[in-house]
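Presented below is the structure to which this report refers.
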């Protein structure tokens, strides 16, 4: 039995190694490439030179370039369009793009992945940071090792990364808040009471959105009276929203979802929210971050007033495209912003409303 | 007063004493106190809709809890059930969305997929002699990984309309998941108390060596409990997929801890041989009421897990104290 198990273990490990060897692992090992190649000086790297390093793979053949894109968590549907975008960019440019995702949103798991990538000497890394401070040292080390590093969706500005690509979370929260104020501008009520939904309490990106929302409604008659957390779990999101709406539906006027977890499911999975909204659609409002194909069914039933999407496809595509340009010594896109290190490549915010949702949301 | 009346009165008194002495009674009192407090402080808690919602929400924990209670009573543990829960939901939804299967066969194939993991767990424990903790830790990763491999991380949509009845439907005004919980509770209470196999599960958890020496096939019992555990976890996962209308590869992450907590609150002992189906249902109900109460009372999210942790400790400590004072 023991012999059989040992053999089985060996076969499984071998099979795993063989089957998991993607295109990226076909790239020459660092030991082979370093002595043979002299890193080219980029002609015009538009961003500040990170930590005194220069792009290491400027004269590499395209098919030998590997860029790794890291989301915050495997299985978080928000990041799937970014994966598609990154892979499309890889195909268009003829380079290797890998998707390396930690099993849960945890900075230590992202750090482990990046440390492995430093060992592998990949050419570029685009990452959505679970926390800006937790990630900055390891990202600096990657830059020092000659790897081109950028961030998307959630930034780590002090890491020295070359550029950030995305919608600033704080700004996205501000947009949501401004729309909430706009929706209630004609209201005669003294106080507009809002319940809000967050993911994992304290998560940097969601907290930034909530802060943006809070700042945007400051000075208005809108007040956040409740914050429920769903731990980034769709099932828990549905339960929290349903329970709170059932219990306090009459004493709240609006919901602000700081992430779109409840809209991954169909409207029938949230009968209480549906009942609450349909009872007084003009005075009960819902503003949410994120837009998914499944959001359309909620818009069809007028259960959502405004959804602010972040165009993750573009985040993935533009991150890979501009890292490639940087590696090749070409000028990257984006703009300089005062007090903002590196370049900012804005993917904008898609503001989806009852008026435009049919054009804005693709069919599932 | 004739002899028949006296005998009947003594019978009732005996039953009353047995109920009060049972570990489930302590848990029931904890649940009752929680409900009483919530009844006083929160008006929305009192509505029938809210009570049904609580029961619907904890039914998945309870059904999975019944399964894992069998494993715990037998002296084992199953950490894979959260992943099996997600895997079965994904398989059932994929059978409908990708293969065009009808709802019922899709549910059955999902359950079978879950059950296979249980069978595999059982084989690892009895044939490879792996400790249950290690065996199920491994299958936990395998099942979760298969969820991601099969779906590439995308939720599986386009399920059959009829499938939604399992999670979203009502029978006689009661949500279907509650009926499912009741049905499974009755079946497994009878299984554990009235069948030879059920009694052998207790014997196995109480003293494996003595059970083996007495001629009982302990391997067969282990295989049965691990398979049943995964079968029930799979069913719960499918029920949740039906409630949400999607099969999520991330469904059930961390679920095993909640299900095991429900079993422990319900009076089961991690060293085996002790536990009841009723206790498990009450343990799941305590967790359900608690989660609902925290939302209804607008308690800040940061505090919720702390409160849940304390309630678990208090409920189990109260039970232990009562047991030791009764000795």
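Chains as they are written, first to last, in our numbering: chain A, 1 to 364; chain B, 1001 to 1327.
Where a beta carbon is used, it is the ideal one built from N, C-alpha and C, also for glycine.
Supposed close pair residue i, residue j - CB separation, criterion 8 angstroms
{"i": "residue 316/A", "j": "residue 89/A", "result": "7 angstroms"}
{"i": "residue 80/A", "j": "residue 1153/B", "result": "6 angstroms"}
{"i": "residue 1235/B", "j": "residue 1147/B", "result": "Not really, about 17 angstroms apart at Cβ, beyond 8 angstroms."}
{"i": "residue 1053/B", "j": "residue 243/A", "result": "7 angstroms"}
{"i": "residue 214/A", "j": "residue 225/A", "result": "At roughly 12 angstroms, the Cβ-Cβ gap does not stay under 8 angstroms, so residue 214/A and residue 225/A are not in contact."}
{"i": "residue 216/A", "j": "residue 181/A", "result": "7 angstroms"}
Length of the line joining the Cα atoms of residue i and residue j
{"i": "residue 1059/B", "j": "residue 63/A", "result": "53 angstroms"}
{"i": "residue 1210/B", "j": "residue 1257/B", "result": "30 angstroms"}
{"i": "residue 1102/B", "j": "residue 1150/B", "result": "20 angstroms"}
{"i": "residue 1037/B", "j": "residue 1045/B", "result": "10 angstroms"}
{"i": "residue 1269/B", "j": "residue 255/A", "result": "43 angstroms"}
{"i": "residue 1094/B", "j": "residue 1161/B", "result": "14 angstroms"}
{"i": "residue 1330/B", "j": "residue 1278/B", "result": "As displayed, chain B neither begins before 1001 nor continues past 1327, which places residue 1330/B out of reach and without an answer."}
{"i": "residue 40/A", "j": "residue 93/A", "result": "For residue 40/A, the predicted structure reports a pLDDT of 38, less than 50, and the residue's modelled location is therefore unreliable. A value from the coordinates is still provided. Near 19 angstroms, if we compare the C-alpha coordinates of residue 93/A and residue 40/A."}
{"i": "residue 1311/B", "j": "residue 345/A", "result": "48 angstroms"}
{"i": "residue 155/A", "j": "residue 1034/B", "result": "44 angstroms"}
{"i": "residue 1159/B", "j": "residue 1085/B", "result": "17 angstroms"}
{"i": "residue 138/A", "j": "residue 161/A", "result": "11 angstroms"}
{"i": "residue 1119/B", "j": "residue 1081/B", "result": "12 angstroms"}
{"i": "residue 251/A", "j": "residue 1315/B", "result": "34 angstroms"}
{"i": "residue 191/A", "j": "residue 124/A", "result": "50 angstroms"}
{"i": "residue 166/A", "j": "residue 78/A", "result": "13 angstroms"}
{"i": "residue 1198/B", "j": "residue 1248/B", "result": "34 angstroms"}
{"i": "residue 234/A", "j": "residue 1013/B", "result": "48 angstroms"}
{"i": "residue 1243/B", "j": "residue 263/A", "result": "14 angstroms"}
{"i": "residue 1187/B", "j": "residue 1142/B", "result": "30 angstroms"}
{"i": "residue 1049/B", "j": "residue 133/A", "result": "45 angstroms"}
{"i": "residue 76/A", "j": "residue 206/A", "result": "14 angstroms"}
{"i": "residue 1126/B", "j": "residue 1217/B", "result": "11 angstroms"}
{"i": "residue 321/A", "j": "residue 172/A", "result": "24 angstroms"}
{"i": "residue 1089/B", "j": "residue 1110/B", "result": "6 angstroms"}
{"i": "residue 95/A", "j": "residue 332/A", "result": "17 angstroms"}
{"i": "residue 295/A", "j": "residue 175/A", "result": "18 angstroms"}
{"i": "residue 361/A", "j": "residue 1321/B", "result": "59 angstroms"}
{"i": "residue 355/A", "j": "residue 298/A", "result": "14 angstroms"}
{"i": "residue 1122/B", "j": "residue 1222/B", "result": "6 angstroms"}
{"i": "residue 301/A", "j": "residue 270/A", "result": "12 angstroms"}
{"i": "residue 184/A", "j": "residue 253/A", "result": "10 angstroms"}
{"i": "residue 347/A", "j": "residue 314/A", "result": "6 angstroms"}
{"i": "residue 54/A", "j": "residue 177/A", "result": "Since pLDDT at residue 54/A reaches only 47, below the 50 mark, its modelled position is unreliable, and the value read off the structure follows with that caveat. Looking at the two C-alpha atoms, the distance is approximately 42 angstroms."}
{"i": "residue 1166/B", "j": "residue 1177/B", "result": "7 angstroms"}
{"i": "residue 238/A", "j": "residue 1207/B", "result": "43 angstroms"}
{"i": "residue 196/A", "j": "residue 258/A", "result": "7 angstroms"}
{"i": "residue 72/A", "j": "residue 289/A", "result": "17 angstroms"}
{"i": "residue 277/A", "j": "residue 349/A", "result": "25 angstroms"}
For residue i, the residue or residues it bridges with in DSSP
{"i": "residue 192/A", "result": "222/A"}
{"i": "residue 1247/B", "result": "1156/B"}
{"i": "residue 228/A", "result": "197/A"}
{"i": "residue 1313/B", "result": "BP columns for residue 1313/B are empty, so no partner."}
{"i": "residue 285/A", "result": "254/A"}
{"i": "residue 1254/B", "result": "Residue 1254/B pairs with nothing; no bridge assigned."}
{"i": "residue 351/A", "result": "308/A"}
{"i": "residue 66/A", "result": "96/A"}
TODO: May I ask you to list, following chain order, the residues of the stretch 1276–1310 of chain B that have a beta carbon less than 8 angstroms from some beta carbon of chain A?
DONE: 1291, 1292, 1295, 1296, 1298, 1300, 1301, 1302, 1304
TODO: Note down, one range per segment and in chain order, each alpha helix (DSSP H) of at least 4 residues found wholly within the stretch 1256–1307 of chain B.
DONE: 1277–1296
Open item on the list: Which complete alpha helix (DSSP H) runs does the stretch 319–348 of chain A hold, if anything under 4 residues is left out?
Closed with: Runs of the alpha helix (DSSP H) inside the stretch 319–348 of chain A: none found.
TODO: At 3 residues or longer, and completely inside the stretch 1018–1047 of chain B: list those beta strand (DSSP E) runs for me, N to C.
DONE: none
TODO: Only counting runs of 3 or more residues, tell me where the beta strand (DSSP E) segments fall wholly within the stretch 68–102 of chain A, in order along the chain.
DONE: 96–99
TODO: Enumerate, from N- to C-terminal direction, the unbroken alpha helix (DSSP H) stretches of 4 or more residues contained entirely within the stretch 1064–1132 of chain B.
DONE: 1081–1097, 1103–1126
Open item on the list: Please give the ranges of any beta strand (DSSP E) in the stretch 95–168 of chain A, keeping only runs that are unbroken, at least 3 residues long and fully inside the region.
Closed with: 96–99, 124–127, 148–152, 163–166
Open item on the list: Tell me which residues of the stretch 243–255 of chain A have at least one Cβ-Cβ distance to chain B shorter than 8 angstroms, keeping chain order.
Closed with: 243, 244, 246, 247, 248
Open item on the list: Tell me which residues of the stretch 1142–1155 of chain B have at least one Cβ-Cβ distance to chain A shorter than 7 angstroms, keeping chain order.
Closed with: 1148, 1153, 1154, 1155
Task: Contacting positions in the stretch 1025–1058 of chain B - beta carbon closer than 8 angstroms to chain A - done: 1042, 1044, 1045, 1047, 1049, 1050, 1053, 1057
Task: Length-filtered (4 minimum) alpha helix (DSSP H) runs lying within the stretch 1138–1213 of chain B - done: Fully enclosed alpha helix (DSSP H) runs of 4 or longer: 1165–1168, 1176–1194, 1196–1206, 1208–1213.
Open item on the list: For the stretch 197–229 of chain A, list every residue whose C-beta sits within 8 angstroms of some C-beta in chain B, in sequence order.
Closed with: 198, 201, 202, 225, 226, 227, 228, 229
TODO: Note down, in chain order, all residues in the stretch 1227–1248 of chain B with a beta-carbon under 8 angstroms from any beta-carbon belonging to chain A.
DONE: Answer set for the stretch 1227–1248 of chain B: 1240, 1243, 1244, 1245, 1246, 1248.
TODO: Give the residues from the stretch 92–114 of chain A that approach chain B closer than 7 angstroms (Cβ to any Cβ), ordered along the chain.
DONE: none
TODO: May I ask you to list, following chain order, the residues of the stretch 256–274 of chain A that have a beta carbon less than 7 angstroms from some beta carbon of chain B?
DONE: From the stretch 256–274 of chain A, only 264, 265, 266, 268, 269 have a Cβ closer than 7 angstroms to chain B.
TODO: Compile a chain-ordered list of the residues in the stretch 1160–1174 of chain B whose CB is closer than 9 angstroms to at least one CB of chain A.
DONE: 1164, 1167, 1168
Open item on the list: Can you pull out the residues from the stretch 1131–1142 of chain B whose beta carbon lies closer than 7 angstroms to at least one beta carbon of chain A?
Closed with: none
Task: chain B contacts from the stretch 59–93 of chain A (Cβ-Cβ distance under 7 angstroms) - done: 74, 75, 77, 80
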